[in-house]
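Student: Chains as they are written, first to last, in the working numbering: chain A, 261 to 515; chain B, 261 to 515; chain C, 261 to 515; chain D, 261 to 515. Have a look at this one.
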């Protein structure tokens, strides 16, 4: 059965962050998936020690820090996706949510150890709630981190509320659909057996490289005169520019 | 057949943005999907006129501006996904790429006119290239916009290069996989028939709301004493704080 | 004497984050200002409890949490500026740095209690270090938070390094100048006696509002025909658009 | 006399972007500075051609593109600061505003040609207006670009409005103060004669480098045993980690 984990990053398990997260939970259930909600503030969750910067291999699942993330790691491994709900503190996730994200590095860094991110192909959604601005900046930062770890994000995979008032019906609908879509995409992907990273060999890459370089070379030869004419027509006042572009013709940075 | 469109947002159809985009194209082909590459700088692409702000209904497909986007709109409608490659200008997409994104509003705004975003369920990938920083900020901004329009982003659905030198083999692999994963996810989703937005009725929302509010009420009753004790223990020096939290007990913003 | 505080947000007080922060420290000293460096990981620094969301007045200096921030609060109050150096964890500040920023809310929120942010007019600089991307996204998020608290940021007030190699001389220069410029601007501002927020009365605001609204009204009357002609010329195919814009003429959202 | 330029990036010179920009203009006047407002949509403003990527020296003031930016360049050079107001299109500046920012590169890139950014020490403020989210992400991106060009941003140097309703009095005050603070800081800086970039010689940098490296070495020797004990205590399960950190002792990336 599809299982989606929901993480509440607010210290208040009764505020709007928690409320919208529960709407997402209803969305998860609505398509027949299982859900489980965790309050991050209830966990002992220590900050990342940056072992990675000492040695790339020292950051691996399970993390060297023996706190409640150990339990969470196992839950995530056996899940199909996660939904992270964060209060917006200074236009960004709360420090607690950021610690949580930082601690997921042990999954992603396995790429360098066993060749595959342990969260590859899982699905993610994000909810951000505040009473001022910064929702999208908060979400963008989380979303790009999660995609870079190997998560995938469904259509309308995030929602936010940034007013000092009751969320509108549209916002409640959006939150419901974050949960629904994370679960729906997880269902669709459950049958997918492809790996999400094709490790082309150096030879395969070289062949593509040669072909692409040839194309760039041709395009450059075609484009430079036009670029020069354009520049010349616009402003003949600075011949240095033309000279310098001419010069660069033989200095293609990417050969 | 799966069709993925690739958009080059660089004025130079021979530089590294274009190069990485072509690696993505090879990735698209590698899983048997069709591809088509457009140079945005070759198109007449006028800036969005913000009709939406005059009247929500005035922004609709096709856009009132009669330029080359009309052709692109049709291409996108008949495609399964897009890959946007942008040079990094001041830690953000180039103005030309931004104009392109702004002009996609006519698809998304159909939600308010016909109830459904015209790009809902299509797949998107992003590539950003510069010789300094700002790649992730550039990508985050594009990714969150596209997800909000209804696109979905696959695992490892973006890549970047920000050095004044030849991209590493890892970067070339990443670019290849952006294309491959966009096409792969498009394939998986091609058979999906669900709509990606469940428009719950006001009654359904109200039922969920009642249930969630009850949960919040219980949690709040449980949490407040602990929150007060915690605060009291930490610092008895400011009784105003306790008083004000006490007071807020009956002022739950979300009722 | 001008005093600038430097905060190391890396768990490693010997890595590149720490190194660049020390170059900034030299920049501070170079213009005759005093400096003091703190390793955030050496402090007990608990996460923000979000009291603010229970009641706006409950978040005030000093914070209800009795940890090492109490000491830091006093240091900041008696300083002229701060420099925050963070490792880049997932394209964002480390959780520890984020906790530090969250905990500064007690200074800013005094606006609602005593009418003035306690860090208003102090100067800030930012340093971000990683071996991959995300530096600018990290910095942008910190910079906008600090400006919103009342800090000011000098020219070239941030720097970054995102490569798995020794920083270039330019990067070292940049780090030095972050420190130098924070101290220089602090010096210039030290003599400034203006408050940085002019609380216009409702009457004053109303007068401006009336004047600006009149200007908007005139501009709208001038612009609408042109906007309509433009739209009409471009595409007569959708008369609904014209009609809807016409209609909106009398529905200026801002009256 | 202090002169501040205001740029309206909205196609509608009567909407809320324009309205808030005019409140900023009143703030500029309130401290006795001169102001001048430009509607970017009224200008011919072509996209950046990325000459820089062909050759670093080919991007210089004045730009090779002979459009209305030529006039704007001169205005900016003779001003003390700028305020950029943008509508929020897809959580980011409008394409037109982005083109404007991209075209400022000719000022900053003079660092590589004549050793100094032509906008160094000028002051900047930002206003973003929409009816949904994305204001802070929009502002953060502009602010970090401008600081990186050499602008400085005053306390409370930006403001935003993201609701489909009349701005509150607080928002109007904020907009007024963006203008006021940009002008105030420009006044304070007008007497400043320091350059904002100290080009330390290679020798000076080397001396600092040696000193900082020594400090890092000592700190590393002090920290590693503690880091190892900590890790050991937490989890003895993975001796590889300890071994790998031990190994890294002699592999300090920054020597």
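Even for Gly, the Cβ is constructed at its ideal location relative to N, Cα and C.
In chain order, what residues of the same chain lie with their CB nearer than 6 Å to the CB of residue 357 (chain C), ignoring the 5 residues before and after it?
Tutor: 269 and 346
Student: On the DSSP bridge list, what partners appear for residue 369 (chain C)?
Tutor: The beta-bridge partner set that DSSP reports for residue 369 (chain C) is empty.
Student: Please confirm if the region 316 to 335 of chain C is in contact with the region 369 to 382 of chain C, defined as three or more CB-CB distances below 8 Å between the two stretches.
Tutor: Below 8 Å, enough C-beta pairs join the region 316 to 335 of chain C and the region 369 to 382 of chain C to call them touching: three or more.
Student: Along the chain, where does the alpha helix (DSSP H) containing residue 355 (chain C) start, and where does it finish?
Tutor: 355 to 362
Student: Count Cβ pairs between the region 470 to 486 of chain D and the region 265 to 281 of chain C that sit closer than 8 Å; are there 3 or more?
Tutor: yes
Student: Residue 430 (chain B): beta carbon under 8 Å from a heavy atom of the ligand HEM?
Tutor: As far as ligands go, the structure on display features none, and thus does not contain the ligand HEM.
Student: Taking the C-alpha atoms as reference points, what is the distance between residue 382 (chain A) and residue 397 (chain D)?
Tutor: 27 Å
Student: Quick one: what does DSSP say residue 438 (chain A) is sitting in, helix, strand or coil?
Tutor: helix
Student: Contact defined as beta carbons within less than 8 Å: I believe residue 415 (chain C) pairs with residue 360 (chain D). What is the distance between those atoms, to the nearest angstrom?
Tutor: Not really, about 20 Å apart at Cβ, beyond 8 Å.
Student: Which runs of the beta strand (DSSP E) spanning at least 3 residues fall entirely within the region 270 to 304 of chain A, listed in chain order?
Tutor: 294 to 299
Student: From what residue to what residue does the beta strand (DSSP E) around residue 396 (chain B) run?
Tutor: Residue 396 (chain B) -> not in any beta strand (DSSP E); alpha helix (DSSP H) instead, spanning 395 to 409.
Student: What separation, rounded to the nearest whole angstrom, lies between the Cα atoms of residue 265 (chain D) and residue 289 (chain D)?
Tutor: 12 Å
Student: Using only CA atoms, which one of A:322, A:404, A:386 and A:301 lies nearest to residue 435 (chain A)?
Tutor: It is A:386.
Student: For chain A, find out if any of its Cβ atoms is closer than 9 Å to the Cβ of residue 349 (chain C); answer yes or no.
Tutor: yes
Student: Check the C-beta distance from residue 287 (chain B) over to residue 440 (chain B) and give it rounded, since I have them as a contact under 8 Å.
Tutor: 4 Å
Student: Any chance the region 463 to 474 of chain D sits against the region 440 to 452 of chain C, with 3 or more Cβ pairs inside 8 Å?
Tutor: no
Student: Can you look up residue 485 (chain C) in the DSSP assignment and give me helix, strand or coil?
Tutor: helix
Student: State buried or exposed for residue 337 (chain C), treating a residue as buried only when at least 16 other CB atoms are found within 10 Å of its CB.
Tutor: exposed
Student: If contacts are defined as beta-carbon pairs under 8 Å, then residue 528 (chain B) and residue 305 (chain B) qualify, I think. What distance do you get, rounded to the angstrom?
Tutor: Past the edges of chain B, shown from 261 to 515, lies residue 528 (chain B), and the structure says nothing about it.
Student: Could you spell out where the alpha helix (DSSP H) holding residue 333 (chain A) opens and where it closes?
Tutor: 329 to 337
Student: Give the straight-line distance between the Cα atoms of residue 380 (chain B) and residue 460 (chain C), rounded to the nearest whole angstrom.
Tutor: 46 Å
Student: Residues bridged to residue 268 (chain C) by DSSP?
Tutor: C:299 and C:345
Student: Contact criterion: CB-CB distance below 9 Å. Does residue 322 (chain A) meet it with respect to chain C?
Tutor: no
Student: Restricting to Cα atoms, I'd like to know which of B:444, B:348 and B:452 is closest to residue 447 (chain A).
Tutor: B:452
Student: Check distances from the C-beta atoms of the region 419 to 452 of chain D to those of chain A and list, in chain order, the residues that come in under 7 Å.
Tutor: 420 and 422
Student: Only counting the same chain, and skipping five residues up and downstream in sequence, which positions put a Cβ closer than 6 Å to that of residue 307 (chain A)?
Tutor: 359
Student: By Cβ distance below 7 Å, which residues in the same chain neighbour residue 285 (chain D) in space, the five residues on each side in sequence not counted?
Tutor: 266, 295, 297 and 439
Student: Starting from the beta carbon of residue 461 (chain A), find every residue of chain C whose beta carbon is closer than 9 Å, and list them in chain order.
Tutor: Within 9 Å Cβ-Cβ: nothing; residue 461 (chain A) doesn't reach chain C, min ~23 Å.
Student: Between which two residues does the beta strand (DSSP E) harbouring residue 311 (chain D) extend?
Tutor: No beta strand (DSSP E) holds residue 311 (chain D); the alpha helix (DSSP H) holding it covers 311 to 314.
Student: For residue 335 (chain C), tell me which candidate among C:364, C:349 and C:390 has the shortest Cα-Cα distance.
Tutor: C:364
Student: Is it buried or exposed, residue 404 (chain B), if we count other Cβ atoms within 10 angstroms and call 16 or more buried?
Tutor: Classification of residue 404 (chain B): buried, given that the 10 Å Cβ count is 16 or more.
Student: CB-CB under 7 Å to residue 321 (chain C), same chain, minus the five flanking residues each way: which ones, in chain order?
Tutor: 333, 366, 367, 370 and 378
Student: At what residues does the beta strand (DSSP E) containing residue 517 (chain B) begin and finish?
Tutor: For residue 517 (chain B) there is no data in the structure shown, the boundaries of chain B being 261 and 515.
Student: Do you know how far the Cα of residue 424 (chain A) is from the Cα of residue 510 (chain B)?
Tutor: At residue 510 (chain B), the pLDDT of 37 sits below 50, so the modelled position is not reliable and the matter cannot be decided from this model.
Student: Kindly indicate if chain D contains any beta-carbon less than 9 Å away from that of residue 470 (chain C).
Tutor: no
Student: Three-state secondary structure (DSSP) at residue 387 (chain B)?
Tutor: strand
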